[in-house]
Each structure stands twice: as structure tokens, then as C-alpha cells.
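In terms of the numbering used here, the sequence shown is residues 12 to 141. Using N, Cα and C, we set each Cβ at its ideal position, and we do this for glycine too. Here the structure is a predicted model, which is why all the values come from computation and not from measurement. What follows is a single structure, written as C-alpha cells, with notes after it.
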Amino acid sequence: MTNNSLVVNSFSNIINKNTKELSLDEMIEALTISYNVHQQKENIQEPLSEDDDDDEPKKRGRPANKPKTDKDGNLKVKRQPTAYNKFVKIQIEKLKKENPNISPKQLLPMAAEKWSNMSKQEKEDFKNNH
Numbered sequence: 012m013t014n015n016s017l018v019v020n021s022f023s024n025i026i027n028k029n030t031k032e033l034s035l036d037e038m039i040e041a042l043t044i045s046y047n048v049h050q051q052k053e054n055i056q057e058p059l060s061e062d063d064d065d066d067e068p069k070k071r072g073r074p075a076n077k078p079k080t081d082k083d084g085n086l087k088v089k090r091q092p093t094a095y096n097k098f099v100k101i102q103i104e105k106l107k108k109e110n111p112n113i114s115p116k117q118l119l120p121m122a123a124e125k126w127s128n129m130s131k132q133e134k135e136d137f138k139n140n141h
């Protein structure tokens, strides 16, 4: 029930208990009393539980990520980066040192082009060495 319906029910109980007819002032007084009783009930706060007296601040934001597991409950292992990914990372670092004014958007295509210009044998050698 909403607060208004509780007040109305309380008021109608007061009116029904009286056997004599009430004047308008008496009805207003009964309505005021029932309203004040329900307002006081709303303002009463429950005492704090024992858990609320922690001195530690409440944690905010998202909870920390749990490690991912497979169906059997074993931790999932991240795959190793491919030879291409390793090559591009190394080349981007080299290109940054050689050309500090080039934007990162331009570095990736330059490194990818170097990979595509390599022969199959050079790619195999890179895979085996890294």
C-alpha cells in the first residue's frame, strides 16, 4: 500500500469508530492525526547492523575481473602472438626511433608493408628465431 492509502485507511478507521457524527473540524483533526502518525513511521530509521560499522570505505565501480576459466575450471591461457604480430611490434618500435615525427597511424601500414615484401623464407626464419 502507498503512504496515501495508509493515511486514508487510518482516517476511515477513526471515523468508523465514532458513533456520533463528527464536525468538519473534528474530521480535519482526525485526518491530521492519521497523517502525522504515518509520517513519523516513515521517518523512523532502522538501527545500523553490525556489518555497517566497517571503517573501510565502500568500493566503487566495477568489480575486479575474475580470471577466465574453461569448462573444466582450468585457467585459460592466452595464445601467443603470431609471427606477424611480433614482427609488426618490433618494426613499429624501430620506425618510431628512426622517425619520431610520424604518427602511429602511419607506422602500422609501413610495418605491414615490410612484412608483405618479405619472402617466405625470411618469414620462416623470423618465426623460428622469435
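Cβ shell of residue i (< 6 Å), same chain only, five flanking positions each side left out
i, result
"H141", "K97"
"I25", "A41"
"N47", "none"
Strand pairing of residue i, partner residues [DSSP]
i, result
"T93", "Paired residue(s): none; T93 is not in a bridge."
"T80", "L86"
8 Å contact criterion, which residue i and residue j should meet: CB distance rounded
i, j, result
"A122", "V88", "That pair is no contact at about 27 Å."
"I103", "L119", "7 Å"
"A94", "K138", "4 Å"
Cutoff 7 Å; reference residue i; Cβ partners in own chain excluding five residues on either side
i, result
"F22", "A41, L42 and S45"
"W126", "Y95, F98 and V99"
Of the listed residues the options, nearest to residue i (C-alpha basis)
i, options, result
"H49", "L17, I113, D36 and E37", "L17"
Are three or more beta carbon pairs between the stretch 106 to 124 and the stretch 76 to 93 nearer than 8 Å?
No: fewer than three Cβ pairs fall under 8 Å.
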